[in-house]
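There are 2 protein chains.
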Amino acid sequence: MQSADKPITLQIANRKYARKKIVAIEAAALVFAEKGFHGATTQDIASEMGIQQGSLYYYFKSKEQALQEVCEYGFENYVERMQKIGSKEQPFEAKMLAIVTSHLSNYRSKNNAMKVHNDQRLYLPVERRALIKKLGSEYRELLEGVLKEGIDEGVLRPDIDTHFIAYSIIGICNSWGGNLVRDDALDLFETIEQCSDLILYGTLIPTKRNKHEK
Amino acid sequence: MQSADKPITLQIANRKYARKKIVAIEAAALVFAEKGFHGATTQDIASEMGIQQGSLYYYFKSKEQALQEVCEYGFENYVERMQKIGSKEQPFEAKMLAIVTSHLSNYRSKNNAMKVHNDQRLYLPVERRALIKKLGSEYRELLEGVLKEGIDEGVLRPDIDTHFIAYSIIGICNSWGGNLVRDDALDLFETIEQCSDLILYGTLIPTKRNKHEK
DNA sequence: AAATAATTCTATAGTTTTATAGAATTTTGT
DNA sequence: ACAAAATTCTATAAAACTATAGAATTATTT
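Just so you know, the protein sequences line up as chains P and L, in that order. Letter 143 of the first sequence, counting from 1, is numbered 143 in the working numbering, and no numbers are missing. Position in the second sequence (first residue = 1) + 214 = the working numbering.
Right, dumping it as structure tokens:
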């Protein structure tokens, strides 16, 4: 087994291990996404990697640990991307489009780890979910920040609950994300547009909105 | 085992069987909702019912059949309720509120079967999903019908894609439904209101919507 | 009350699965 | 080329789980 503090001469081996570890995580992600955590076997994952079932334990101490690492792996890029979007100077509509695009593009490129994170993380014991929960909160808080900015800029309705809207945006995206993974015929960019449109404009005709104005 | 065509004298026994079968389905729903289909054992379900593991097979031919029946059971009421809402004479906003209320109330009353339907039905082999798929389509089509009526009445934007919006509404509701099940502190009626508001009005300030008008 | 039917129980066969130990092989460093 | 370290393999122990068979019990009908 590899460990972080080894002589420099062993760094090459370390790098090799790290590379294959990612292969292992992605194989686990694929299998967990398809069959669910409990429905998948360590044999499935090993087969996906082209190694024997027992060899898998060189990379994961347990099946449960594999799930944990898949969930963490799948969410890393997400938070980073949201950070970039939030820090860029651009009008609110563009940001919202970028957020939805980021979220949904990942689904189209079959980010199995993302799907596993959404659907399977609850099967982890609570003590294993600490980091995952932290990443999820970060993501949602960044999104809330963007929404608050929108209000400050006078673009968004000041009476919306940013916490609620952030959750809802994530909910819509995950819901459509699932559809995108299942249905290849579904157009990604049309879906992105429609989602953004719904979030920004709703469904009512503007002139019918009188009741709602103060 | 019971069968439908028995002398009238056996109808009492039949009714008794039917009653306990529902107990079985609800026990399965609870356990599947908590642990997932593969994570749950027939022992778990039997314990929930207060019977022995082997006795469970008096009610279900297999664990898979239990899942199928839970999924079908969980969706029955839903379709009926949507039918009622759709057929009532009331303004569009009221209908939308009724739809969201119907969907979310069920979650609050811990409709485990609903959760199982959403999260676990994919673990059924395709041939077992026929009825479930039909019910889901019915539900979505009824919702689409309500949306089309809204357009015809001149209340909804005529440029929305009713198919997309129907999916999105279901997505938002399921997303919040999951939260409601998990978090008891979450206020049901506030959630209903917020969901309806987002769907109807979106997040932008109306005066900022000029770009969007034709 | 006896006979029949329905329901539940016990015990278990037969799988499947996770995880480990130690041997075998491959890779890397000297 | 040799030694050491890393990686993979084989084999298996131990546990868990589904489904079935037949006995035992309880409820219903005659």
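Glycine included, every Cβ here is placed at the ideal spot set by N, Cα and C.
query, result
"Range of the contiguous alpha helix (DSSP H) that encloses Asp119/P", "112 to 120"
"One or two residues paired with Leu204/P in a DSSP bridge", "Leu370/L"
"For Gln257/L, three-class secondary structure by DSSP", "helix"
"Proximity below 9 Å, CB of Leu412/L to CB of Phe164/P", "yes"
"From Ile374/L, Ala232/L, Glu352/L, residue whose alpha carbon lies closest to that of Arg297/L", "For the record, residue 297/L in the displayed sequence is Gln; it is not Arg. When each option's Cα is compared against that of Gln297/L, the closest is Glu352/L."
"Delimiting residues of the alpha helix (DSSP H) encompassing Glu76/P", "63 to 87"
"Which listed residue (Gln304/L, Ile299/L, Gly288/L) has its alpha carbon closest to that of Glu367/L", "Gln304/L"
"Rounded C-alpha distance that separates Asn291/L from His317/L", "10 Å"
"Length of the line joining the Cα atoms of Lys230/L and Leu270/L", "16 Å"
"Close-in-space but distant-in-sequence residues of the same chain around Asp5/P (CB under 8 Å, 5 per side omitted)", "Here Asp5/P scores only 36 on pLDDT, less than 50, and its place in the model should not be relied on; the value that follows carries that caveat. There are no such residues."
"Interface flag, His331/L vs chain P, CB-CB below 9 Å", "no"
"4 or more residues per run - each alpha helix (DSSP H) lying fully within the stretch 122 to 199 of chain P", "130 to 152, 162 to 182"
"Alpha-carbon spacing of Asp373/L relative to Glu358/L, whole angstroms", "14 Å"
"Nearest-angstrom Cα separation, counted from Leu204/P out to Tyr415/L", "6 Å"
"Cβ neighbour criterion (16 or more within 10 Å) applied to Val340/L", "exposed"
"Residues that Gly145/P contacts on chain L, provided the C-beta gap is smaller than 8 Å", "The contacting residues do not exist; Gly145/P stays about 15 Å from chain L at best."
"Contact list for Ile413/L against chain P, beta-carbon separation under 8 Å", "Leu198, Gly202, Thr203"
"For Leu104/P, the first and last residue of its enclosing alpha helix (DSSP H)", "92 to 108"
"Nearest-angstrom beta carbon gap, Gln334/L and Phe194/L [assumed within contact, 8 Å]", "Here chain L covers residues 215 to 428 and nothing more, so residue 194/L does not appear."
"Tyr273/L in three-state terms, based on DSSP", "coil"
"Residue burial classification, Ala185/P (beta-carbon count within 10 angstroms, cutoff 16)", "exposed"
"Cβ-Cβ distance between Met212/L and Ser410/L below 9 Å", "The structure shown does not extend to residue 212/L, since chain L is modelled only from 215 to 428, so the question has no answer here."
"Euclidean distance between Cα positions of Gln53/P and Thr41/P", "9 Å"
"Residues of the stretch 282 to 308 of chain L with Cβ closer than 7 Å to any Cβ of chain P, in chain order", "none"
"C-beta contact flag for Asn326/L and Glu248/L at 9 Å", "yes"
"Between the CA atoms of Gly391/L and Cys285/L - distance to the nearest angstrom", "16 Å"
"Exposure of Arg182/P, with buried meaning 16 or more beta-carbon neighbours within 10 Å", "exposed"
"Sequence-distant residues of its chain with Cβ nearer than 7 Å to Gly300/L (five each side left out)", "Leu356, Gly359, Val360"
"Reference Leu336/L, options Asn228/L, Glu278/L, Ser261/L, Ile313/L, closest by Cα", "Glu278/L"
"Contacting positions in the stretch 387 to 404 of chain L - beta carbon closer than 8 Å to chain P", "Asn388, Ser389, Trp390, Asn393"
"6 Å Cβ shell around Leu345/L - same chain, five flanking residues per side excluded", "Glu286"
"Beta carbon proximity, Phe378/L to chain P, threshold 9 Å", "yes"
"Beta-carbon contacts of Lys148/P that lie in its chain and below 7 Å, excluding the five residues immediately before and after", "Thr162"
"Per-residue burial, Glu404/L [other beta carbons within 10 Å of its own, 16 or more giving buried]", "exposed"
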